[in-house]
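Asks: Residue 116, in our numbering, is where the sequence shown stops; the numbers in between run on with no holes. Got a structure for you, written out below as structure tokens; questions coming shortly.
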Amino acid sequence: MESLITKEKIQEIADKIAKAYKPKKIILFGSWAWGKPNKNSDADLFIIKDENKSQIEMMREVDRILCDRDIPVDILVYKPEQLEKRKTLGDPFILKIINSGKVLYEY
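Dropping the structure here:
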């Protein structure tokens with residue numbers, strides 16, 4: 010079954026994450042943020058959370074929150090210090106997300 014992704018559905022997912030997970034920020038990136046989605050596009054979410062857990066554990070927590078989702082979502086979760094390190098190193102992937110992504114939630 011193919012689900013239709015809409016900006017409203019993506020925002021609903023961000024709201025659900027914000028309520029249950031309480032991150033510092035949720036940023037939409039990729040084709041949905043940059044205006045070029047196609048039928049194979051998923052929703053790419055970059056989440057910033059200050060927590061004393063591994064990146065994998067944090068991503069699993071968000072995945073569990075979204076277990077009933079009906080659209081494809083890719084999740085990246087970074088601690089603020091990880092994000093700052095990657096920005097300082099000039100990581101083009103991270104810089105594009107930060108500079109061109111759409112903020113869906115910010116605490």
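Beta carbons: idealized from backbone N, C-alpha and C, even for Gly.
Could you spell out the range, first to last residue, of the beta strand (DSSP E) harbouring residue 115?
Replies: Its beta strand (DSSP E) spans residues 111-115.
Asks: Give me whichever residues DSSP pairs with residue 86 in a beta bridge.
Replies: For residue 86, which the question treats as bridged, DSSP gives the partners 56.
Asks: Kindly indicate the opening and closing residues of the alpha helix (DSSP H) around residue 36.
Replies: Run containing residue 36: none in the alpha helix (DSSP H); it sits in the beta strand (DSSP E), 34-38.
Asks: Quick one: using the 10 Å Cβ neighbour count with 16 as the cut-off for buried, is residue 98 buried or exposed?
Replies: Under this definition residue 98 is an exposed residue.
Asks: Between residue 51 and the rest of its own chain, which residues show a CB-CB distance below 7 Å, the 5 nearest in sequence each way excluded?
Replies: Contacts found: 81, 82 and 83.
Asks: When the Cα atoms are used, what is the spatial distance from residue 39 to residue 94?
Replies: Approximately 21 Å, taken between the alpha carbons.
Asks: Report yes if the C-beta distance between residue 113 and residue 19 is below 9 Å; otherwise report no.
Replies: Cβ atoms of residue 113 and residue 19: closer than 9 Å.
Asks: Taking 9 Å as the cut-off, decide whether the C-beta atoms of residue 25 and residue 89 are in contact.
Replies: In this structure, residue 89 does not lie closer than 9 Å to residue 25 by Cβ.
Asks: Let's see if you can read the secondary structure: which residues bound the alpha helix (DSSP H) around residue 118?
Replies: Outside the shown range of the chain (10 to 116) lies residue 118, about which nothing can therefore be said.
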